[in-house]
Structure formats: structure tokens, C-alpha cells
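Enquirer:
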Amino acid sequence: MSEHFEHKNDQADHRQIFFGLCCGCKRERNDVVSKWWIGLLLLAYMIVGVAGEASARRDDKERGRRVKSRRVAMVKHTRTRRVRGKRWKRTRRRLSLRCQKMSSKKRRRRCLKRLGVRVKRWHRLHWRRVAVKKKGVSTKSAPPSKVLSAPTKRTMDLKPRLRAANTSETDAAARLNKQMGMALPKDLPVRYDEDHKVRTLQELFTIVKRSNLDLRILRQQAVQAELARAKAWAILKPRLSVSLSYTRNDNETKLLESVLTPRDQLGMRVQLQWAFFNVQAIPLLNMANLGTLQVAHAAKQAKREVMFGLTRAYYGVLLTEGLLDIARRTWDNSKKHLKIARARFQAGLGPQLLVTRALLDQAKAYQQWTEAENALRNAKLALSLLLNRSNFKFRTKRPQTPTPPTGNRKIWIRQALQKRQEVKSARIAVQMAEAQVTQSMLKFVPTVAAIGTLQGQNAEGFVGRNFTWSAGLAMQIDVYSGGTRFIEVKEARSKLFQARLKLAKSLRQIRNDIAKADIDLKNAKTAVLIARGQSLLARRSYALTQAQYKAGVSTAVEVSDALNLYRTALISVLQKELNYDVAIVALQRAIGAYNP
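Residue numbers (my numbering): 16 to 611.
(1) Does the segment 244-257 touch the segment 274-290, meaning 3 or more C-beta pairs lie closer than 8 Å?
(2) Who does Lys269 pair with in a DSSP beta bridge?
(3) In three-state DSSP terms, what is Ala373?
(4) Kindly indicate which residue of Ala313, Trp289, Arg263 and Val274 has the alpha-carbon position closest to the one of Gln280.
(5) Starting from the C-beta of Asn423, find all residues in its chain whose C-beta is less than 7 Å away, skip the five residues before and the five after it, and write them out in chain order.
(6) Whole-angstrom Cβ separation of Ile586 and Ile341, contact assumed at under 8 Å?
(7) Where Leu536 and Ala530 are concerned, what is the direct C-alpha to C-alpha distance, given to the nearest angstrom?
(8) Confirm, please, whether the CB-CB distance from Ile355 to Lys201 is below 9 Å.
(9) Kindly identify the DSSP beta-bridge partner or partners of Arg480.
(10) Note the first and the last residue of the continuous alpha helix (DSSP H) segment covering Arg424.
(11) Below 8 Å CB to CB, which residues in the same chain sit around Ala514 once its five sequence neighbours on both sides are set aside?
(12) Quick check: the segment 232-240 against the segment 295-315, are at least 3 beta-carbon pairs closer than 8 Å?
(13) Report the CB separation of Leu391 from Leu432 in whole angstroms; it is logged as a contact under 8 Å.
(14) Should Asn594 be labelled buried (16 or more other beta-carbon atoms within 10 Å of its own) or exposed?
(15) Using a Cβ-Cβ cut-off of 6 Å (strictly less than) and excluding sequence neighbours within five positions of Arg604, which residues of its own chain qualify?
(16) What is the DSSP secondary structure of Thr570, reduced to helix, strand or coil?
(17) Under DSSP, the alpha helix (DSSP H) around Arg254 begins and ends at which residues?
(18) Could you say which of Glu573, Arg547 and Ala450 lies nearest to Leu559 if we only look at CA atoms?
(19) Please work out which residues of its chain come closer than 6 Å, Cβ to Cβ, to Ile62, disregarding the five sequence neighbours upstream and downstream, and give them in chain order.
(20) So, are the CB atoms of Ala464 and Gln295 less than 9 Å apart?
(21) Grouping DSSP H, G and I as helix and E and B as strand, with all else coil, what is Ile534?
(22) From the DSSP output, in three-state form, read off Gln549 for me.
(23) Which residues in the same chain as Asp528 place their Cβ atom closer than 7 Å to its Cβ, once the five residues preceding and following it in sequence are excluded?
(24) What number of angstroms, rounded off, separates the C-alpha of Pro204 from the C-alpha of Gln309?
(25) Grab me the residues of Asn24's own chain with a C-beta within less than 7 Å of its C-beta, minus the 5 sequence neighbours each way, in chain order.
(26) What is the C-beta distance between Leu457 and Asp533, in whole angstroms, given that I count them as a contact (C-beta under 8 Å)?
(27) Whose CA, out of Leu228, Ala373, Asp596 and Leu216, lies closest to the CA of Ala539?
(28) Inspect the CB distances between the segment 407-419 and the segment 208-216 and report whether three or more fall short of 8 Å.
(29) For Phe292, which beta-bridge partners are listed by DSSP?
(30) Please classify Gln451 as buried or exposed, where buried requires at least 16 neighbouring CB atoms within 10 angstroms.
(31) Going by DSSP, what residue range makes up the alpha helix (DSSP H) through Asp229?
(32) Can you check whether the CB of Val238 is closer than 9 Å to the CB of Ala474?
(33) Please go through the same chain and pick out, in chain order, the residues whose beta-carbon is closer than 6 Å to the beta-carbon of Ala358, but skip the five residues on each side of it.
(34) Whose C-alpha, out of Leu216, Pro298, Lys439 and Gly479, is nearest the C-alpha of Ala247?
(35) For Ala71, name the three-state secondary structure that DSSP assigns.
(36) For Val152, does the three-state DSSP call read helix, strand or coil?
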């Protein structure tokens, strides 16, 4: 009606304008032509106005007819629903009595089960049929537990989309499980290592010292170094050699009555040799002793690295166990969210999208839990490799936070230069290179040895005795060896320069390690404080969003985002705290104070 009044007002305004033009034309022009044109314009305008009024009346009648037909359809639907409902109740009562009259208990139970399936199917198909065939039907009379969404114009026109959307929440969950290829459990199973024995970090240190393959290899290297030192000492010790011989001659040789060569000739030779003046052996003995010390320092360094690797692996297992616990907590939160979404949907306070979104969050939580459990298995396998165990079953216990070292970088560097095994090993390498230079230069000095020999045979010979002996001194010197001694001297000096460069590199590396460990410790401490604050805020945000969702203020997307933020904050707190402990251990290792 308001549109009709506006249309009439517009026509009145146009008429006033044309009457003004007509009057103005009468004043200005009095010729006959202008009067005819004005008359034609007025006639055309009156025809257009009458046609507009007729179309407006026609639209009003059509609108009233639509409203009336919609009301009639609603009344007819209500009557039809009541009639069909009464008819279905009578049918259900008759079938129930028929099932109760059956003689066999098994057949009676089967009949009642089929009747229940028919009841559910009738409710689902009845309301879907009403939503598709009856346009403009109100959903207020339909129970919210039997209808998924209110039939609107858009859903009435799109039948395939309506069939995909108007399903029960149970069917939606089943379809989601089918698409995933697996069914979501009602609750998470118990941890696979629930009954395993708890092992502390100190207990694992004891096990790794006894059974680690790298440490056992280093023990054998230490034994070999001791044997090499004993072999070096053998150069200065005397050598005793004994030789026996037997010879069968064709004839016996005699001179007068004495036998020179008997037919069965026996011989014996005993020789004692001692290089008492061998200056080349002195640097060799020194190198053997230094080699033993170097192997011992290398073993200590390798032991420290193995222990540090075991500590990092143990903290890695702690992290994966924490992730598993956080995934279980996320699963519980997603279950609560799904319960609230179903309650809102069944009460008719929200669409099925709420339930679908909650199911998706629950599926994500289950996937996170599965990934965390597999990561825990992999972490324990890596730790079992360090322990030299095929399948070491254990559970971890978080150790106390280590005490950070006191002092500053200068004090730490001074301590590291005294305690680090790398520095000691590099200094020993320099001393060994110096001894090698000395040994190559002493090759120009002669060697003096004492030699004693005792010979015996079963024939007296010309001397008339069976045993003879001799003693003497022997000096040996290489006058010319093709220039190899000079080359060896140059090579030894080059190795000495290389050893000194390695020592300087080790000192520089230690300073850098201490500075890096100090910076990492400060960053880890700051990150722990920030992560704890973020976790507190994320927990408050999730609680507020959950309360608002229960009140119907927030949406399911906001709850899902708050849940993801809360889970991320918990993971961040766990990682930062464990990283802080590992950073303290790394600083102790850089200083040389880490000796578990």
C-alpha cells in the first residue's frame, strides 16, 4: 500500500510540473501549435498514470492471493500431519501386539527390532518428504530431534543438497568414519607402556657405561695403547735367539783319528744382542706414553659425548610423552565440545554444522594422539640403540632441573681450558709431533749394540772342542739413504705446525661453544617465561570461549580455534621447559663440568 501511495504522489508531482509548463507556455506563446503539443503531452501522461494504477492494483491482488495460498497450505499440512501421525500410531500399536503374540522369544525380539527400525525410518523419511513437497511449511510443529534444518526456499528448490544435509548426527558420524577409513573410538585406549618399569636418567647412565658399543670400543683402544707402549720399551731390551740344526751327510769325513764332519751332524747357536746405545728409542718411548694419555683423554671425551647424547634422547622421550598427554587432554576437550554441540543441535539452537565441526575436531585430536604415540615409540627405539638393547621397555621420570653454572664467561673459559678433554688431547698431539721431529733428527746418530754368540756341534773339528763362543760390539749408521731422512724431518716439522694449528682451533672452538651455550641458556630462560604466560592466556581464552559457546554467544569455529591455541600453548610450555634443562646441561658440557 505504501508503494501505491508513493506512486500516486509521484503522479501528482508530474501533473503539477506539466500544468506549470502549460501555464508558462500560455503566457509566453499564444500560437496554436504550442497549444496542440501541450495537449498531446497531457493526454499521454494521463494514459501512463492510469496504466500504472492498474498494474499496482494487479500486484496487490497477486500478493494477497499468495499469502492466502500459503496459509491454506500450512493448514492443510497441519491436518495431514495429524492424520498421518494418528494412522502411524495405530499401525505401530497393531504391529507391536503382533510381535508380542509370537511364541518364540528369539522371533519376538527380532520382530521388535524390525519395528524399531521402521519407526526410525518413518520419522526420518516423513519429515524429509514434508520438507520437499510442501512449500512454505513451518518447522515449529516438527520435533527438533527429528529434523536437521528448517526447510527454507533455498532448500526446497535444491533437493540433492537437502538430502545430503538433512541426515541425523549418527549418520553424519558414520559417513565421516567411512570417509576416514576407520572408526573413531569412544575413548582413547590405555598407553602401551602403562605397565613398564620407570627408569631414571641415572639408572640409564649406569646401563650405558656397561653396555654401550662405542665405550666398549674405546676400552679396547686403551688396551691397544698400553700394548704399544710396552712394544716401544722392547727396543731397549736385549734379544736372545737360539737356533738348532741337523744335517745328514753322505760320508763321514775324518782327519787321522778326529772326525771333521760326521754322517749325522748336529748344531746349536745361541746369540745375545743388546742395542744399549740407541738414542732413536727415547722419542719413541715418549710418543708411546703420550699416545696412551691421548687415548685416555679421547675415551673420556667420547664418554662425555655419549652421556650427553643419552641425556638429549631421554629428554626427547620426555617430550613425546608430554605430547601424548597433551593429545589425550585435547581429546577430552573435543569430547566435551562434541557433547555441547549435540545438546545445542537437539535443542534446536543450532544447525548440524556444529556437530560436524565438533566431529572434525575430535578426529584431529585422535590423529594427534596417534602421531604422538608413534613418535614415542621411535624415540624409545633411538634410546635403546644407545643402550645396546633390542627392545628396552621403560617409562621415564622427569629429573630435577639442573643447577646453572655460576660465574661469567671469562671464568668459564678458564675452567674449560683446564678441564676439556679436547684441549688436553690437542696439547698431547703437539708434544707427540715434537717427539716425532726429534726422532727423525736422531736417525743421523749411529746405533751401538753388544753381541755375544755360543756355538756347539757333535764334531770336534780342527779345534778339538765341541763348543765355541764369541763376544763383540757392533755400530751401525746409515751414511746415505737416498735423502729419506731429510724428507722425514721436513714432514715431521709440517705435522708439528699442523698440530699447533689444531690446538689453536680447539681453543677458539671452546670459546665459541661457551658463548653459544650462554646465549642459548638466556634465550631458553626467556622463552620459558613467555610460554608460560601464553599458556595462561590461552587457557583463559578457551574457558571463556567455551562458556560463551554454551550461552550461544560464540561459534563453533571460535571454540575450535581456541582449542588449537590452547594445545599449541601447552606444547610450547613443555618444549621450552625441556629446552631450558638441556641448555643448562649443554653449558656444563661446554665448560667441562658435565661428568655424569
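We put the CB at the ideal spot given by N, CA and C, even for glycine.
Expert: Considering the structure as presented:
(1) yes
(2) Val274
(3) helix
(4) Arg263
(5) none
(6) 6 Å
(7) 10 Å
(8) no
(9) Looking at the DSSP assignment, Arg480 forms no beta bridge with any residue, so it has no partner.
(10) Arg424 to Lys434
(11) Ala441, Ala444, Val445, Met447 and Ala448
(12) yes
(13) Not quite, the Cβ-Cβ distance comes to about 41 Å (not below 8 Å), so this is no contact.
(14) buried
(15) Phe323
(16) coil
(17) Where Arg254 is concerned, there is no enclosing alpha helix (DSSP H), although the beta strand (DSSP E) it sits in stretches over Arg254 to Arg263.
(18) Glu573
(19) none
(20) no
(21) helix
(22) helix
(23) Ala605
(24) 53 Å
(25) Confidence at Asn24 is low in this model, with a pLDDT of 48, below 50, so its placement is unreliable and the value that follows should be read with caution. Counting only Cβ-Cβ distances below 7 Å, and skipping sequence neighbours, we find nothing.
(26) Actually they are not in contact, since the Cβ atoms of Leu457 and Asp533 sit about 48 Å apart, beyond 8 Å.
(27) Asp596
(28) yes
(29) Val463
(30) buried
(31) Leu228 to Trp248
(32) no
(33) none
(34) Pro298
(35) helix
(36) With a pLDDT of only 41 at Val152, under the threshold of 50, the placement of this residue in the model should not be trusted, and no figure is reported.
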